[in-house]
Amino acid sequence: SMPASETESVNTENVSGEGENPTCCGSLCQTISKSKFSRRWRRWNRFNRRKCRAAVKSVTFYWLVIVLVFLNTLTISSEHYNQPDWLTQIQDIANKVLLALFTCEMLVKMYSLGLQAYFVSLFNRFDCFVVCGGIVETILVELEIMSPLGISVFRCVRLLRIFKVTRHWASLSNLVASLLNSMKSIASLLLLLFLFIIIFSLLGMQLFGGKFNFDETQTKRSTFDNFPQALLTVFQILTGEDWNAVMYDGIMAYGGPSSSGMIVCIYFIILFICDILLNVFLAIAVDNLADAESLNTAQKEEAEEKERKKNASEKSEGEDEEDEEDEPEVPAGPRPRRISELNMKEKITPIPEGSAFFIFSSTNPIRVGCHRLINHHIFTNLILVFIMLSSVSLAAEDPIRSHSFRNNILGYADYVFTSMFTFEIILKVTAFGAFLHKGSFCRNYFNLLDLLVVGVSLVSFGIQSSAISVVKILRVLRVLRPLRAINRAKGLKHVVQCVFVAIRTIGNIMIVTTLLQFMFACIGVQLFKVSRRSKFTQHQKNAKLRIYIVYKDGDVDNPVVRERVWQNSDFNFDNVLSAMMALFTVSTFEGWPALLYKAIDSNGENVGPVYNYRVEISIFFIIYIIIIAFFMMNIFVGFVIVTFQEQGEQEYKNCELDKNQRQCVEYALKARPLRRYIPKNPYQYKFWYVVNSTGFEYIMFVLIMLNTLCLAMQHYGQSKLFNDAMDIMNMVFTGVFTVEMVLKLIAFKPKHYFTDAWNTFDALIVVGSVVDIAITEVNNSEDSARISITFFRLFRVMRLVKLLSRGEGIRTLLWTFIKSFQALPYVALLIAMLFFIYAVIGMQVFGKVAMRDNNQINRNNNFQTFPQAVLLLFRCATGEAWQEIMLACLPGKRCDPESDYNPGEEYTCGSNFAIIYFISFYMLCAFLV
């Protein structure tokens, strides 16, 4: 639209009418543009565009669009298998209405902003693509040209609009900015990773193409028969899921381990080592998250500075002087004292000023006595002992037989523990008061935890029947008793506080990840359903679809006709919740190839699977794994790392030195002069010169490598001649290492020789090797071995450790590794407490599930004893088939025959709580371990 000044200042030439014929159209346009109607139209157009522009930029319009996006998402997420026809009709109508509203939004924005300004925004271009795709899809479906394309699922991506709220949410804005800034680095890394995958895929096709068909009874899915299949196989190996099975197939393809087939394992080992590239995702995440957190800190400091200046302007000079006098002193040393140093002498919390129970004042003798008692070290240690004993009693319970003699004895002990803890709570409430005044008992979160644990035990005692579900829950909550030790171990308390801070800070990334997970789940429901249903999401258990013949006992004369039954997959895409659960297991890399090939083979409704029917579907899983598993999961871990680093820096917040300067000062303070022993005796000096020479070091290094080679040559079924040769070589190496020890003893003398830890270790290995040889000779001289030599054979292998002392760089790396363990005791204690709590909960909830050899709950994996429960959880922490164990603990499982179940309740063991139990445990282990 042209401004009015420009429309009115038009040059009017040829007034006399000359040359009107050539410019007839131009004159007509000028005449129309000068008319009142045209001017009014332009003014009305400008007015409406200003109003529309103000409307589309308003907060009301923004939240209106957000509501429409959520309604659209709700419509898509409501789709599920076997849904009623009325729901399908409502979804179709809702999709059309929402598409019309989104189209109106797009047109209004185009009108108000103008086409050029509208398409400047990348998000507007994406909106236009989504809307146009939805319109085309609707037209094609209505005209019955083709079935729904599923383009409407892209409307879920419009959920990203909610990130516009980041202009009002600074921390989330910084997080999104850091993620966007990392895209360039991630794109370069993905390109490098893709090149590696292509190279190894082509190499795998040359090595293993068409050679995985040695087993005629089973068709291999992870093969290198063609390029797409090779890409999938290489990507599977990079994720680490069943990569060893593919390697074994490759070895068997070349004749097995007894022939030259072992050489091909080099290919898989190199490919698996390339998995290190994936750790770069974590490095990028930590780097960008650190930038985001530093930006948050800078913004907070800026806001605090503004607030400080504002408050300073409102204060008088006299108040300023008083503030300066009351200002605490900052340590003038090179660094403030560490938290561990400050907590060496624990400060006793004084008695609050308020009264307890409106009876006992702060000077009351009873209250003062209670305060002294609870702060006495004997009482504190006694409570810790009772906490440990109660924890042991929880782990010692029999989960199968609830009324066994052992459980009855432990029940009486539980009365004693609960009475002691209740007495402690009464003393603390008397000393500090209940909750009305500052510093009272209930105003401390850890005290509330103590009160919850004790209250749960008291309530469970009041209800006698163990069959009541509430009582079962209350008894399970007794497992929180070990958490009471947190309030009594200051280092552990500090670690727990860091964990809680990390949990609070991952709220923003949790929102982003949940939205992405939800969007992928919606897309999965759309993709893996044909006409809203597919073989992959079938749940028809009694449908007569096809029959098959079984020859009982191999008798071909007596065929038995049976009906095929559709069965649902344990992890499926029937609905959004099931899809999110299935995708979560994919993000853990456990069992995802099986889920992938089920999706690839999925065909039509009530139609059996077709081998490699839709290979292109694998793109969905690959994109999901890259975005969620490779990047977003590392973002979670990165948040925990950054949070712990920040909490560690909090103790230096008043120090003016940066981290490098502090480390330099600490190094200077802790530095000690190096002492080196040099003998004065000329004969002893010659021995000293030899054992410290470079040539001697190289000779010993070569001997250690030769000894290692001899140990590696031993194998099962070796001949007697080979055994004798190995024994002779062992004697030779033992003699050489004994000579080395003697030479060093002469060179350094025993006093200085055993000062070095490595020399002490060498002497221990030599003595153990000599004992090994002696015991071996004694056993060989007799018919039956009287002494087991298994333990002493370890000294032969321990010679490999001597390699760690043969190099300054290796020794430095080992020393750094050992020193890092000094910072881990409280973290390790927290992890042990986590395992203990989950193990006891597993015993109480899943302990009665029967063990079966063909099930994941078997004699090796079960919750029937505490050690077995810890081992099972350790397996789950490593991620090995944790989802299969979760499925084995769901409801409807058979109970153990020795458990005290009622008649008719044989298949009532297990619980839906298994989903929350295993997912929460896996995520906590992913962040802490």
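Here the sequence shown is numbered in the working numbering, starting from 38 and rising by one per residue. We put the CB at the ideal spot given by N, CA and C, even for glycine.
Run of the beta strand (DSSP E) containing residue i, from where it starts to where it stops
i    : result
E600 : P596 to E600
Buried versus exposed, by CB contacts within 10 Å (16 or more), residue i
i    : result
T542 : buried
W795 : exposed
C701 : exposed
K589 : exposed
M425 : exposed
W852 : exposed
C169 : exposed
F668 : buried
M617 : buried
K930 : buried
W629 : buried
K7   : Residue 7 is absent from the model: the chain starts at 38 and stops at 966.
L535 : Sequence inspection shows Cys at residue 535; the Leu mentioned does not correspond to that position. With 16 or more Cβ atoms within 10 Å of its Cβ, C535 is classed as buried.
F785 : buried
V173 : exposed
Limits of the unbroken alpha helix (DSSP H) element including residue i
i    : result
N729 : It is not in any alpha helix (DSSP H) - N729 carries neither H nor E in the DSSP assignment.
M763 : K757 to Y790
V104 : V96 to S114
M284 : W280 to A290
C407 : P402 to I411
I868 : P862 to F883
R699 : K696 to K707
Y449 : F442 to F469
I659 : S655 to Y661
R912 : F903 to T915
H414 : H414 to A432
F74  : K73 to V93
L150 : D122 to L150
E921 : W919 to A925
R833 : L831 to V834
Reduced DSSP secondary structure (H/G/I, E/B, other) of residue i
i    : result
V178 : helix
L304 : The question names Leu, but residue 304 in the sequence shown is Tyr. Three-state DSSP puts Y304 in a helix.
Y944 : coil
Y735 : helix
I388 : coil
I223 : helix
Y155 : helix
I523 : helix
V493 : helix
A887 : coil
K581 : Because K581 sits at a pLDDT of 42, beneath the cut-off of 50, its placement in the model cannot be relied upon, and the following sentence gives the value as read from the coordinates. K581 falls in the coil class under three-state DSSP.
I437 : coil
I586 : strand
C692 : coil
K717 : coil
F249 : coil
F397 : strand
K257 : coil
Anticipated Cβ contact below 8 Å, residue i with residue j, distance rounded
i    : j    : result
R833 : L748 : 6 Å
V283 : Y291 : Wrong, their Cβ atoms sit about 14 Å apart, outside the cutoff.
L665 : L841 : This sequence places Ile at residue 665; Leu is not what is there. Between L841 and I665 the Cβ distance is about 39 Å, and since that is not below 8 Å, they are no contact.
D937 : S439 : 6 Å
P265 : V652 : 5 Å
N899 : R836 : About 40 Å separates the two Cβ atoms, so there is no contact after all.
V677 : F964 : 5 Å
F462 : V422 : The displayed chain sequence assigns Ile, not Phe, to residue 462. So it is not a contact: roughly 17 Å between Cβ atoms.
G561 : F657 : 7 Å
Residue i beta carbon near the ligand FMN (any heavy atom closer than 6 Å)
i    : result
V804 : In terms of ligand content, the structure shown is empty, and the ligand FMN therefore cannot be addressed.
> At a cut of 8 Å, does the segment 884 to 899 reach the segment 922 to 929 through at least three beta carbon pairs?
Replying inline: yes
> So does the segment 131 to 142 actually touch the segment 98 to 115, counting three or more Cβ pairs closer than 8 Å?
Replying inline: yes
> How about the segment 247 to 255 and the segment 225 to 239: do they share at least three Cβ pairs that are nearer than 8 Å?
Replying inline: no
> Does the segment 907 to 919 come close enough to the segment 448 to 464 that 3 or more CB-CB pairs lie under 8 Å?
Replying inline: no
> So, do the segment 481 to 496 and the segment 405 to 422 have three or more beta carbon pairs nearer to each other than 8 Å?
Replying inline: no
>> Whether or not the segment 522 to 533 and the segment 857 to 867 are in contact is what I'm after, with contact meaning three or more pairs of Cβ atoms, one per stretch, closer than 8 Å; do they touch?
In response: yes
>> For the pair the segment 99 to 109 and the segment 145 to 165, tell me if three or more CB-CB distances fall below 8 Å.
In response: no
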